[in-house]
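What follows is a set of notes on a single structure, which appears directly below.
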Amino acid sequence: MLHKTRGIVLSYFRYRETSIIVRIYTEEFGLQSYLVNGVRSAKSKTNRIAFFQPLTLLDMVVYYKPGKDLHRLSEVKVNFPFQHIPFDIAKSSMALFVSEMLTKTLKEEASNQALFYFLMDSVLYLEEAEADYENFHLAFLLKLAFFLGFGPSNAREFEGQLQEQKYPFLPDDAAEKALNHFLRQPLATPVKISRLTRAELLDALVAFYQIHIDGLGEIKSLSVLREVLS
1 MLHKTRGIVL SYFRYRETSI IVRIYTEEFG LQSYLVNGVR SAKSKTNRIA FFQPLTLLDM
61 VVYYKPGKDL HRLSEVKVNF PFQHIPFDIA KSSMALFVSE MLTKTLKEEA SNQALFYFLM
121 DSVLYLEEAE ADYENFHLAF LLKLAFFLGF GPSNAREFEG QLQEQKYPFL PDDAAEKALN
181 HFLRQPLATP VKISRLTRAE LLDALVAFYQ IHIDGLGEIK SLSVLREVLS
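Mapping of the sequence shown onto UniProt numbering: residues 1 to 230, in sequence order.
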């Protein structure tokens, strides 16, 4: 049966010679995988592979059958064409990192509109922000943790969980203030921290996710993000 839904692209991998399997977090069905045929063919009349770059916002008509692991797209178009994320190295690095974290943490194949709206609003903020977005990935991960069921209530709780797992995280006043700020304020609210503090918080946040998500494994985009933001 055909259904209309919006979606946020998380990642894709190549399938056979000309196709891909793309993972999309949808408004109506949660996390779903779609087979897209011919998208990598030299004979393709449009550059449809661009539709499936990290965090692209889509309007889709999809075939959906409960219980199936792999679905197909009937129609797809970009809901909000990006003008900045693909061309700004800091934003594109953040998008790649966020999409990898989402790919490895989102598992639910059911509608969760509150989570979908949070993700969509976060992507739109990253696309449209002209300044003060250098901490986007930090605030995003802390807020995402609440949707995943392990968000800390304050900086001390975050610190305590890491120390219980023998992770050497001893935040100074600036780091603790920043953590509480990210937890309590809207995503777009700026906070000034040093590059060193930003790097330490990023590593601590990835470790925090590794505590709570079994098999999270290596985050391949992390080294690129570190280098870009250093």
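We treat Cβ as the ideally placed atom computed from N, Cα and C, and that holds for glycine.
Per DSSP, what are the beta-bridge partners of residue 19 in this structure? Position 19 of the sequence shown, counted from the start, is the residue given in the question as residue 19. Answer is 15.
What is the C-beta distance between residue 138 and residue 202, in whole angstroms, given that I count them as a contact (C-beta under 8 Å)? Counted from its first residue, the sequence shown places residue 138 at position 138. Counted from its first residue, the sequence shown places residue 202 at position 202. Between residue 202 and residue 138 the Cβ distance is about 6 Å, and since that is below 8 Å, they are a contact.
Beta-carbon spacing of residue 115, residue 54 below 7 Å: In the sequence shown, residue 115 corresponds to position 115, counting from 1. In the sequence shown, residue 54 corresponds to position 54, counting from 1. It is not a contact, given that the beta carbons lie outside the stated cut-off.
Report the residue from 224, 158, 130 whose alpha carbon sits nearest the alpha carbon of residue 143. Within the sequence shown, residue 143 is the residue found at index 143, counting from 1. Selected option, being the one with the closest Cα: 158.
Are residue 6 and residue 59 touching if we call contact CB-CB under 7 Å? Position 6 of the sequence shown holds residue 6. Position 59 of the sequence shown holds residue 59. In this structure, residue 59 lies closer than 7 Å to residue 6 by Cβ.
What's the C-alpha gap between residue 99 and residue 32? Here residue 99 refers to the residue found at position 99 of the sequence shown. Here residue 32 refers to the residue found at position 32 of the sequence shown. Roughly 14 Å separates the two Cα atoms.
How about residue 25 and residue 10: do their beta carbons lie closer than 7 Å? Here residue 25 refers to the residue found at position 25 of the sequence shown. Here residue 10 refers to the residue found at position 10 of the sequence shown. Yes. Within cutoff.
Taking all protein chains shown into account, decide if residue 196 is buried (16 or more other Cβ within 10 angstroms of its Cβ) or exposed. Within the sequence shown, residue 196 is the residue found at index 196, counting from 1. Residue 196 is exposed by the Cβ-count criterion.
Per the DSSP calculation, residue 250 is bridged to which residue(s)? Nothing about residue 250 can be read from this structure; the chain reaches only from 1 to 230.
Residue 35 and residue 21: beta carbons closer than 7 Å? Counted from its first residue, the sequence shown places residue 35 at position 35. Counted from its first residue, the sequence shown places residue 21 at position 21. Contact flag set, yes.
Note down, in chain order, each residue of its chain lying with its Cβ closer than 6 Å to the Cβ of residue 52, except the 5 sequence neighbours on either side. Along the sequence shown, read from residue 1 onward, the residue named residue 52 stands at position 52. If we look at residue 52 and ignore the five residues flanking it on each side, its Cβ neighbours are 9, 12, 22.
Can you tell me which of 61, 211, 118, 123 puts its alpha carbon nearest to the alpha carbon of residue 164? For the purposes of this step, residue 164 is taken as the residue at position 164 of the sequence shown. It is 211 whose Cα lies nearest to the Cα of residue 164.
Run through DSSP, which three-state label would residue 106 get? Position 106 of the sequence shown holds residue 106. Coil.
How is residue 117 classed by DSSP in three states: helix, strand or coil? By 1-based counting over the sequence shown, the position of residue 117 is 117. Three-state DSSP puts residue 117 in a helix.
In whole angstroms, give me the CA-to-CA distance for residue 16 and residue 62. By one-based count along the sequence shown, residue 16 stands at place 16. By one-based count along the sequence shown, residue 62 stands at place 62. Taking the straight line joining both Cα atoms gives about 22 Å.
Identify which residue in 80, 79, 64, 227 has its Cα closest to the Cα of residue 73. As a working note, residue 73 is residue 73 in the sequence shown. Taking only the C-alpha atoms, the option nearest residue 73 is 64.
Within the continuous beta strand (DSSP E) that includes residue 216, where are the two ends? Counted from its first residue, the sequence shown places residue 216 at position 216. First-last for residue 216: undefined, no H or E at that position.
What is the rounded straight-line gap between the Cα of residue 76 and the Cα of residue 184? Numbered from its first residue, the sequence shown carries residue 76 at position 76. Numbered from its first residue, the sequence shown carries residue 184 at position 184. Going from the Cα of residue 76 to the Cα of residue 184 covers about 37 Å.
If you reduce the DSSP assignment to three classes, tell me which class residue 193 lands in. The residue labelled residue 193 in the question sits at position 193 within the sequence shown. The answer is coil: DSSP assigns residue 193 none of H, G, I, E or B.
Which residues in the same chain have their Cβ closer than 7 Å to the Cβ of residue 133, if we skip the five residues on either side of it in sequence? Residue 133 sits at position 133 when you count from the first residue of the sequence shown. Excluding residues within five positions, the ones whose Cβ falls inside 7 Å are 126.
Just to confirm before moving on: does the CB-CB distance between residue 140 and residue 122 stay below 7 Å? Your numbering for residue 140 matches position 140 in the sequence shown. Your numbering for residue 122 matches position 122 in the sequence shown. Against a cut-off of 7 Å, the Cβ pair of residue 122 and residue 140 comes out as a contact.
Would you kindly report the start and end of the unbroken beta strand (DSSP E) that includes residue 161? Translated into positions along the sequence shown, residue 161 becomes position 161. Residue 161 -> not in any beta strand (DSSP E); alpha helix (DSSP H) instead, spanning 155-164.
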